[in-house]
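Residue numbers (the UniProt record's numbering), protein chains in the order written: chain A, 1 to 265; chain B, 1 to 196. A virtual CB, placed ideally from N, CA and C, is assigned to each residue, including glycine.
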Amino acid sequence: MEGAESLLNPIRLAQSSLVVPVRTKKRLILPPRVKTKYTTPEEQKEKMRASGIVIPHEKLERSITLACTASIFDPYIPPEGDARLSSLSKETLKQRAVQLKQSTISQLAIRKVKQYDPNFSSKTFPEMAQKIFIEAHDCLTNFNKDKLHSLVTERCYPEMVRGNRYKTIRWSFVESLEPPRTVQIRHFTMMNKDNLYGQVTVRMHTRQTVVIYDQFGRLMYGAEDVPKDVLEYVVFERHLVNPYSSWRLHGKIVPSWAPPKDPTY
Amino acid sequence: MLKLNANYDTFLASVNIFPLSNMYTGSSREIIGKWEKKNRVVYPPQLPGEPRRPAVIYHCRREIKYSKDKMWYLATLIKGMSIDQALAQLQFNDKKGAKVIREVLLEAQELAVTKYNVEFKSNLYIAKSLTGKGQYLKKIRYHGRGKFGIMEKVRCHYFVKLVEGPPPPPEPPKTGFDQAKEYVQQLRNRTIINAL
């Protein structure tokens, strides 16, 4: 008898044959029940317990995978006067660049990253990084969402895409004025000690053109065929523990001494 | 067994255990209407010589508890006015629908400035202003002598189209001279058939 009752469990019945009391005419508001034996959920539970109906307590759990960190940890502070025309301090800049590369934290981070990704090298990485950067922006102009997700982390995606759904963006990469350079490498753990993420900051001095038109085709920002020199510190991230992960664009560091942007129309 | 079934029916209808029972409790307006979809049109970029295309904003409010016929009077009142004039007129109108339409216009103005790249919030005029029938509920109204009437609880939708720019000048009324000109033109348009 108990076995038969469990077979006739209402949830089981509903799931298999979808027995739902359907009304013939769709009504917006159900009229109030006349013969309510119970009104509050506590009373309902007691009635259910008394009648012997057992509802299996389903755990509503959903696993979340964290494929990227929420922000740029330990952001790189670019030195003032970087990429400004100054003939005397060229050597000092070079020295500074060399010093930064050899900074201990970056070295430790490189070692950790190489542990998980033996092909990583701080010399070949900037070229790859620039390619990812160009591809990601091309996907933005074409609104190729699937490819963009693979090139850009989840934290950076809404920053890039918000407000652009109905806008036409035209972006082109003219040339790179200086070869891209890795400037800082850091590694971080989230939640557990084993969950490693690596962040690499790359310095890019490039020439780009950007035009944005709004929903009605009116010019909003930029101008057609007017290349602009841009100095950027772009951060790339990778979930090192995952062997199938790849280096993706994570964010940009805009220095406070950067020149002001053009006005939007 | 029978007792179990009776409990099951009443218990199922009153308790939300599995998501299918949200069929009637959720909002029945999950379908995105045609008016809202009009906002999704993206125009190709304009060439530098072309005149600047005016921004167009479509906004609506659904299932307002008011009659569509009574709302129609307010909708035609503000048709063709600039947004400031419309807001002023509705503010001092005593009807219930005036308050609702005023809220809708303010919402649309906000949207225009933030989302649709409109420069001046006063530089808008109402190009179209319409009402539509919402979903009605039926109730029984009891009369004497065992008679009854079916009472309809009416609801309406309100649609508005705002266009950027100054409001177009109103059409001048037709003068006698215009009518005479038209008459003479009609006479001149006649053709004589079967003649040399």
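Gly97/B by DSSP, collapsed to three states: which one?
-> In the displayed model, Gly97/B falls within a helix according to three-state DSSP.
Does the region 132 to 141 of chain B come close enough to the region 152 to 161 of chain B that 3 or more CB-CB pairs lie under 8 Å?
-> Yes: at least three Cβ pairs fall under 8 Å.
Which runs of the alpha helix (DSSP H) fall wholly inside the region 22 to 97 of chain B and span at least 4 residues, in chain order?
-> Whole alpha helix (DSSP H) segments, 4+ residues: 34 to 37, 68 to 78 and 83 to 91.
Just by C-beta distance, which residues in the region 53 to 73 of chain B are closer than 8 Å to chain A?
-> Residues of the region 53 to 73 of chain B with a C-beta atom less than 8 Å from some C-beta of chain A are Arg53, Pro54, Ala55 and Val56, listed in chain order.
Can Ile169/A and Leu140/A be called in contact, C-beta distance under 8 Å?
-> The Cβ-Cβ distance between Ile169/A and Leu140/A falls below 8 Å.
Please state if the CB of Tyr125/B and the CB of Pro172/B are separated by a distance shorter than 8 Å.
-> No.
Can you check whether the CB of Gln46/B is closer than 8 Å to the CB of Arg218/A?
-> Inclusion of Arg218/A and Gln46/B in the CB contact set at 8 Å is warranted, their separation being smaller than that value.
When the Cα of Pro78/A is compared with those of Glu58/A, Ser256/A and Tyr265/A, which residue comes out closest?
-> Considering only alpha carbons, the answer is Ser256/A.
Whole angstroms is fine: what's the gap from Asp74/A's alpha carbon to Val152/A's?
-> Straight-line Cα distance between these residues: approximately 20 Å.
Three CB pairs or more closer than 8 Å across the region 172 to 192 of chain A and the region 122 to 134 of chain A = Judged by Cβ distances under 8 Å, the region 172 to 192 of chain A makes contact with the region 122 to 134 of chain A, as three or more pairs qualify.
Status (buried if at least 16 other CB within 10 Å, exposed otherwise) for Met23/B | Because the pLDDT at Met23/B is just 40, under 50, the model does not fix this residue reliably, and the value given afterwards should be weighed accordingly. By the neighbour-count rule (16 or more Cβ atoms within 10 Å), Met23/B is not buried but exposed.
Report yes or no: do the region 153 to 168 of chain A and the region 30 to 38 of chain B share at least 3 C-beta pairs separated by less than 8 Å?
-> Result no; under three Cβ-Cβ pairs closer than 8 Å.
So which residues of chain B does Arg218/A contact, with C-beta pairs closer than 9 Å?
-> Chain B residues near Arg218/A: Tyr43, Pro45, Gln46, Arg52, Arg53, Ala55 and Asn117.
Could you round the C-beta distance between Ile253/A and Tyr76/A to whole angstroms and report it? I think they count as a contact, below 8 Å.
-> Yes, Ile253/A and Tyr76/A are in contact; Cβ-Cβ is about 6 Å, under 8 Å.
Taking only beta-carbon atoms, is Pro263/A less than 8 Å away from chain B?
-> So, not an interface residue.
So is the beta-carbon of His137/A under 7 Å away from any non-hydrogen atom of the ligand ADP?
-> Although the ligand ADP was asked about, the structure shown includes no ligands whatsoever.
As assigned by DSSP and simplified to three states, the class of Pro158/A | Pro158/A falls in the helix class under three-state DSSP.
Decide if Asp214/A is buried, meaning its Cβ has at least 16 other Cβ atoms within 10 Å, or exposed.
-> Under a 10 Å Cβ-count criterion, Asp214/A is classified as buried, with 16 or more other Cβ atoms of the shown protein chains found around its own Cβ.
Considering only residues of the same chain and omitting the five flanking positions on each side of Arg61/B, which have a CB-CB separation below 6 Å?
-> Excluding sequence positions up to five before and after Arg61/B, its CB lies within less than 6 Å of the CB of Val104 and Tyr158, all in the same chain and listed in chain order.
Fully enclosed by the region 113 to 194 of chain B, which alpha helix (DSSP H) runs are 4 residues long or longer?
-> Taking only runs of at least 4 residues, the alpha helix (DSSP H) segments lying wholly in the region 113 to 194 of chain B are 176 to 189.
Taking Cβ positions, are Lys121/B and Ala127/B nearer each other than 8 Å?
-> No.
Leaving out the 5 sequence neighbours to the left and right, which residues in its chain are closer than 7 Å to residue 197/B when beta-carbon positions are compared?
-> Examination of residue 197/B is not possible in this model, given that chain B is present from 1 through 196 alone.
Buried or exposed: Thr201/A, going by 16 or more other Cβ atoms within 10 Å of its Cβ?
-> The residue is buried, with at least 16 neighbouring Cβ atoms inside 10 Å.
Given that Leu162/B touches chain A, what residues does it touch there, using C-beta distances under 7 Å?
-> Residues of chain A passing the Cβ test: none, with the nearest at roughly 13 Å.
Buried versus exposed call for Ala75/B [16 or more other C-beta atoms within 10 Å across all chains shown] | Only buried fits Ala75/B, as 16 or more other CB atoms lie within 10 angstroms of its CB.
Could you list which residues in chain B have their beta carbon closer than 8 Å to that of Gln215/A, in chain order?
-> Residues of chain B with a Cβ closer than 8 Å to the Cβ of Gln215/A are, in chain order, Val41, Val42, Tyr43, Ala55, Tyr116 and Asn117.
Count the other C-beta atoms from every protein chain shown that fall within 10 angstroms of the C-beta of Lys68/B, then say buried if there are 16 or more, exposed otherwise.
-> When all chains shown are included, Lys68/B counts as buried.
Chain B contact residues for Thr168/A, given Cβ-Cβ distances below 9 Å = Below the 9 Å Cβ cutoff, chain B contributes Val42, Tyr43, Pro44 and Pro45 as neighbours of Thr168/A, in chain order.
Counting only runs that start and end within the UniProt domain "Tim44-like" (106 to 254) of chain A, where is the beta strand (DSSP E) found for 3 or more residues in a row?
-> If we require 3 residues or more, the beta strand (DSSP E) runs fully inside the UniProt domain "Tim44-like" (106 to 254) of chain A come out as 168 to 189, 196 to 213, 219 to 222, 228 to 239 and 248 to 253.
Per-residue DSSP class, three states only, for Ala108/B = Reduced to three states, the DSSP call for Ala108/B is helix.
Among Val226/A, Thr206/A, Pro227/A and Trp247/A, which has the Cα closest to the Cα of Tyr233/A?
-> In this structure, Thr206/A is the residue among Val226/A, Thr206/A, Pro227/A and Trp247/A with its C-alpha nearest to the C-alpha of Tyr233/A.
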